[in-house]
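Protein chains in written order, with the working numbering: chain W, 1 to 631; chain V, 632 to 731. Yeah, the Cβ is synthetic: ideal placement off N, Cα and C, and Gly gets one too.
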Amino acid sequence: MESLVYIALFAPLVSSLFAGLFAMSPRQTFVGVVSSLLLFVSFVSSVLLGYHIATTGANVHVTMMDWISVADLHIPFGFMADQVSVTMMVVVTLVSTVVHIYSIGYMDHDKSFNRFFSYLSAFVFSMLVLVMSDNFAGLFIGWEGVGVCSWLLIGFWYHKPDVSREENPSISPSWAANEAFIMNRIADLGMLVGLFIIFWNTGSLQYDVVFSQIPNLAPAVLTAAAAALFIGAMGKSAQFPLHTWLTDAMEGPTPVSALIHAATMVTAGVFLVIRANPIFSVTPEVSYFIAALGTFVAFFAASMALVNRDLKRIIAFSTLSQLGYMFAAAGLGAYWIALFHLAAHAFFKALLFLGAGNVMHAMHGELDIFKMGGLRKKMGWTYAYMGLASLALAGIPPLAGFFSKDAIIETAFNEGTLILWAMLVITAGMTAFYSFRQVFLTFLGDERYKEFGIHPHEMYGFVLIAMSPLAILAVIAGFFRDWFNSFIIHLLPNYEMSEHTHHLALILGAIVLVVAVSGIVLAYIKYAKGLQRSEKTENGFIYKLLANQYYIPKIYEALITKPYAEISKLMWTKVDIRIVDATVDGIAKTIYKSGDGSRKMQTGNLSNYLNWMAGGALVLLFITVASYVIG
Amino acid sequence: MIGLNHYLIVAGLLFAIGLIGVIRRRNLLMLFFATEIMLNAANVAFAAISHYYNDLSGQMFAFFIVAIAASEVAIGLGLLILLYKKQGTLDLDDLATMKG
Chain W
1 MESLVYIALF
11 APLVSSLFAG
21 LFAMSPRQTF
31 VGVVSSLLLF
41 VSFVSSVLLG
51 YHIATTGANV
61 HVTMMDWISV
71 ADLHIPFGFM
81 ADQVSVTMMV
91 VVTLVSTVVH
101 IYSIGYMDHD
111 KSFNRFFSYL
121 SAFVFSMLVL
131 VMSDNFAGLF
141 IGWEGVGVCS
151 WLLIGFWYHK
161 PDVSREENPS
171 ISPSWAANEA
181 FIMNRIADLG
191 MLVGLFIIFW
201 NTGSLQYDVV
211 FSQIPNLAPA
221 VLTAAAAALF
231 IGAMGKSAQF
241 PLHTWLTDAM
251 EGPTPVSALI
261 HAATMVTAGV
271 FLVIRANPIF
281 SVTPEVSYFI
291 AALGTFVAFF
301 AASMALVNRD
311 LKRIIAFSTL
321 SQLGYMFAAA
331 GLGAYWIALF
341 HLAAHAFFKA
351 LLFLGAGNVM
361 HAMHGELDIF
371 KMGGLRKKMG
381 WTYAYMGLAS
391 LALAGIPPLA
401 GFFSKDAIIE
411 TAFNEGTLIL
421 WAMLVITAGM
431 TAFYSFRQVF
441 LTFLGDERYK
451 EFGIHPHEMY
461 GFVLIAMSPL
471 AILAVIAGFF
481 RDWFNSFIIH
491 LLPNYEMSEH
501 THHLALILGA
511 IVLVVAVSGI
521 VLAYIKYAKG
531 LQRSEKTENG
541 FIYKLLANQY
551 YIPKIYEALI
561 TKPYAEISKL
571 MWTKVDIRIV
581 DATVDGIAKT
591 IYKSGDGSRK
601 MQTGNLSNYL
611 NWMAGGALVL
621 LFITVASYVI
631 G
Chain V
632 MIGLNHYLIV
642 AGLLFAIGLI
652 GVIRRRNLLM
662 LFFATEIMLN
672 AANVAFAAIS
682 HYYNDLSGQM
692 FAFFIVAIAA
702 SEVAIGLGLL
712 ILLYKKQGTL
722 DLDDLATMKG
C-alpha cells in the first residue's frame, strides 16, 4: 500500500519533469499523452488506496525521510492517506486527468503546449503534497507550491499587453497572475502566524500530536490559531475581502480555470478547515465567523454573477459562491457535508468550465455571452454537458448539487441560524438564475454570433469523451451521500440533523427546490427567446453596482494600489536615491578621490620616493617618541 | 671621559648625514654612499651599546651588517654599471620611467 502512496504522489511530478524536458521545443502531442497517462496512473493509485481504506478502515502512513531536524523542531517528509486525504486525492487526480486530456485538444494551437503540461502536472503534484502531508509544514509547502503553479498558469499568456480596466477588468494575464500571487501572500502571512502559534504552544507540527494536545491549550491560544489559519484559508479560497483575484484569474487558459480555480486549489482553504477541524470545533466564535462569512460570500458572489456578461467570470463568481457554501457548512460544524459538497462541486464545476472552454474554443476566444446565442445547433454535446452541470449547480434532484447543497442549507436551519438559512436559500435561487441565464444566452435564442463573422464548431470527439466521467459523476455523485457519510465519519465528526429538522426535511428541501426552479423559469422567460436588453435596467444603480463588482476593484486600486505606488515612488526618489544611494556613492567617491589625489605621489623619481619614505620614518619616529612621552 | 652618549651622538650625527645624503642627492652612486654611512652609523651604535651592556650580541650584529653591506655593494655596483651602460646616466631625475 505504501508504494501506492508514492505512485499517486510522484507520478504527477515525473509527468511535470518529463514535459519540462520538452518545454522549449515545438508542440509534441505525445507530451500531453504521456502526462495524461501518468496522471491516470496517479488516479488509479488513489482509487486503490481509497478502496483499501474503505474496506479495512486503516490509514496508510509513510515517512519518507527527515526533512528538518533542528533543536526541538523535527519535521519529517511524512505522507498519509486517510479518509479525508484520500477523498481529496481521488477528486484531484480524477479532475486533473480529465483536464490533462482535455488540454491536448484545447491547447492544440498553442506554441507553448509542452510547457503548459509541465506546469499543470507540477500543480497536481503540489496539490497532492498539500492534501497528503501528515504535518502543517508539508501542507504549507504544498500550499505555496499550488500558489506558484497558479501564478505560472494564470500568467501563461504573459506576452499579452496591459489594457485599461474598462476594456478588460483584469487588465492582462501577467497583471492577474501578480494580483493572485500578492493577495495570497497577504493571507499566507496569517497562515504562517497560525503555524507559529501552533508550534510555539504544542512543540510540534504533526497533525496527530497537535490535535492530541488541544485539551491542554488555553482557549485564547486556540482562538488565535484558528483565526490565523482561517486568514490563510480566506486567501486561497478567495473569501471576502481577498476575493478579487479569483475572477481575474480567468485570464489563464480555461483548463487551468477548471482545474485550479474551480475544482481543486481554491478548495484548499476548505480542506484546511476540515483537516484542522479539532481546532475549529473548539473555537465556536471563529467557526461562527467562518459560517457567517461563507454565507455572505455565497450571496455576495452570486449577486455579481447575475449581471456579468463574461462566460468564464460568471462561472468564477459561482465558484466563489459555492466556496461560501462550503465554508458555511464547515463553520457550522458539518465538516463532512462541506467535504461532500467540495467533491460534488469539483465534478460539476470542472464540467461547466470545460464546457465554457469548448464554447470559447468555438467562438475564437470570445467570452461575451451577449454575442453568442443559438449555439445549441452547432454544439449539442457541449450544450448537454453545460446544461447538466448547471442543473447540478442549481441543485435540481437527483443531480449531485441537490444532495450536497441541500444538506448545507438544512444544516443552517438545523443550527437555528435562520438568517444564514434564508440567505443561503435566496442564493440558491440566484445560483439557478445566473447559471441558466448563461446557458440560455449561450445556447438558445437568436444566433447573435453571425454578425461578428464567427463560425463555431464542436470540440474534438476525444475531448467530449474525456469530459464524460465528470458528467456521469455530476449526475450520480449525490447517491453516494450515505455511503460517503459512513466512510468519512471514521475521521471527521458526524453531523446529524435533529429530530425536528428531520421532520421538516421534506418541506425545507421543497422550499429550496421551488426557489431554484423559479430561478430557472425566470431565466427561461427572460433569455431563452433571445436577448432583450433594456436601457433602463442596465443604467440602474443596482445593475451598475453589480456589474462593477460593487466597485471593490476600483476601491482597492484607489485605497491600496495607488497610495502604495505613490509611497513607493516617494521612497524611491527621496529615501533610496537621496540617502541610501548617496551613502554608497559617497563612500566610493571618497576612496576614488583619495586614490586620484595620492596618484600624484607616484612620480617615478626614486629620489622623491626616498623623501616620502624618510618623511614617513620621521613621522613614525615622532609618534613613537610622543606616545612614549605621553604614555 | 667618553661615555655611551658621545658614541650615540656620533652615531646619530652620522645617520643624519646619511639620511640627508639619501634625500638630497640625485646620483645613484652617491645614494649608495649615503646608505653606507647610515649602515655604519648603526654599527657604531651597536658596538657602543654592546660594550656598555657587556653583551657581545651587539657586536656580532655589527659584523653581520658589515658582511651584508659588503655583499650589497658588490651586487648593487654591478647593477649600477649595467644601468649606466643601458641608460648612459645615473641621475635619478633622468631615470623616472615609472611615473603613475
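Short Cβ contact (8 angstroms threshold) for A384(W) with F348(W)
The Cβ-Cβ distance between A384(W) and F348(W) does not fall below 8 angstroms.
Given this structure, state the Cα-to-Cα distance separating I290(W) from A330(W), to the nearest angstrom.
Between I290(W) and A330(W), the C-alpha separation is close to 8 angstroms.
Same chain, Cβ closer than 6 angstroms to T202(W), neighbours up to 5 away in sequence not counted
These residues qualify, in order along the chain: V210, Q213.
Flag L645(V) as yes if its beta-carbon sits less than 8 angstroms from any beta-carbon of chain W, otherwise no.
Chain W, which has no Cβ nearer than 8 angstroms to the Cβ of L645(V), makes this no.
S594(W) touches chain V at which residues, Cβ-Cβ below 9 angstroms?
Contacts between S594(W) and chain V, judged by CB atoms closer than 9 angstroms, are missing: the closest CB pair is about 15 angstroms apart.
Return helix, strand or coil for I489(W), following the three-state DSSP convention.
In the structure shown, I489(W) sits in coil (DSSP, three-state: anything other than H, G, I, E or B).
Helix, strand or coil for T501(W), going by three-state DSSP, please let me know.
Helix, per DSSP.
Quick one: what does DSSP say M127(W) is sitting in, helix, strand or coil?
Helix.
Find out if the Cβ-Cβ distance for the pair M379(W), P255(W) is shorter than 8 angstroms.
Result no, Cβ atoms of M379(W) and P255(W) do not sit closer than 8 angstroms.
When DSSP builds the beta bridges, which residues end up paired with S69(W)?
S69(W) is bridged to H74(W).
Can you confirm whether the stretch 694-710 of chain V touches the stretch 633-645 of chain V when touching is taken to mean that 3 or more C-beta pairs between the two stretches lie within less than 8 angstroms?
Two segments are said to touch when three or more pairs of C-beta atoms, one from each, lie closer than 8 angstroms; by this definition the stretch 633-645 of chain V does not touch the stretch 694-710 of chain V.
DSSP three-state call for M379(W): helix, strand or coil?
Three-state DSSP puts M379(W) in coil, outside helix and strand.
As a quick exercise: from I507(W), L323(W), V297(W), pick the residue whose alpha carbon is nearest that of M423(W).
Distance check between M423(W) and each of I507(W), L323(W), V297(W) places V297(W) closest, using alpha-carbon atoms only.
Inter-stretch contact (C-beta, 8 angstroms, three-pair minimum) for the stretch 464-481 of chain W and the stretch 547-565 of chain W
No, they do not touch.
Nearest residue (CA-CA) to L73(W), options F280(W), A122(W), F199(W)
Looking at the Cα atoms, F199(W) is the closest of the given residues.
Return the bridge partner residues of V270(W) from the DSSP annotation.
In the DSSP output, where bridge partners are listed per residue, V270(W) has none listed.
Contact belief for S35(W) with H109(W) at Cβ below 8 angstroms, rounded distance in angstroms
Taking 8 angstroms as the upper bound for CB-CB distance, S35(W) and H109(W) are not in contact here, some 18 angstroms apart.
Drop a sphere of 10 angstroms on the beta-carbon of N674(V), count the other beta-carbons inside from all chains shown, and report buried for 16 or more, exposed for fewer.
Answer is buried; the Cβ neighbour count reaches 16.
Going along chain V in order, which residues have a C-beta closer than 8 angstroms to the C-beta of N611(W)?
Neighbours of N611(W) on chain V, chain order: I654.
Would you give the residue range spanned by the alpha helix (DSSP H) that G145(W) belongs to?
For G145(W), the enclosing alpha helix (DSSP H) covers residues 136-154.
With burial defined as no fewer than 16 other Cβ atoms inside 10 Å of the residue's Cβ, what is the status of A218(W): buried or exposed?
Label assigned to A218(W): exposed.
Check whether the Cβ atoms of W421(W) and F433(W) lie closer than 8 angstroms to each other.
Taking 8 angstroms as the Cβ cut-off, W421(W) and F433(W) do not qualify as a contacting pair.
Of the residues that make up the stretch 570-594 of chain W, which ones have a beta carbon closer than 7 angstroms to any beta carbon in chain V?
Cβ contacts with chain V come from no residue of the stretch 570-594 of chain W.
Would the beta-carbon of V463(W) fall within 8 angstroms of that of M386(W)?
Not closer than 8 angstroms, so no.
Within 8 angstroms of any Cβ in chain W, is that where the Cβ of K730(V) sits?
K730(V) counts as touching chain W.
Who are the neighbours of L619(V) on chain W, taking C-beta pairs under 8 angstroms?
Residue 619(V) lies beyond the stretch modelled for chain V, which goes from 632 to 731, so this question has no answer here.
Going along the chain, which residues of its own chain have a beta-carbon closer than 7 angstroms to the beta-carbon of D724(V), five neighbours each way excluded?
Answer for D724(V): R657, listed in chain order.
Since F240(W) is in the alpha helix (DSSP H), which residue starts that stretch and which ends it?
Per DSSP, F240(W) belongs to no alpha helix (DSSP H) and is neither H nor E.
Along the stretch 702-717 of chain V, where does the CB come closer than 9 angstroms to a CB of chain W? Name the residues.
From the stretch 702-717 of chain V, no residue has a Cβ closer than 9 angstroms to chain W.
Cβ-Cβ separation, L473(W) to D82(W) (assumed contact under 8 angstroms), whole Å
In fact, because the Cβ distance is near 22 angstroms, the residues do not count as touching under 8 angstroms.
Terminal residues of the alpha helix (DSSP H) in which M360(W) lies
Unbroken alpha helix (DSSP H) run through M360(W): 335-362.
Integer-rounded CB distance, given that L153(W) should sit under 8 angstroms from G142(W):
A Cβ-Cβ distance of about 16 angstroms is found for the pair G142(W) and L153(W), leaving them out of contact under the 8 angstroms criterion.
C-alpha distance - F664(V) paired with H637(V), whole-angstrom precision:
Spanning the two alpha carbons is a distance of roughly 24 angstroms.
Which of the three DSSP states, helix, strand or coil, is assigned to F79(W)?
F79(W) carries a strand assignment under DSSP once its states are collapsed to helix, strand and coil.
Considering only C-alpha positions, which residue in the set S287(W), A262(W), I525(W), L342(W) is nearest to I231(W)?
For I231(W), the nearest C-alpha among the options comes from S287(W).
May I ask which residues mark the beginning and end of the alpha helix (DSSP H) holding K544(W)?
Run containing K544(W): 541-547, per the alpha helix (DSSP H) assignment.
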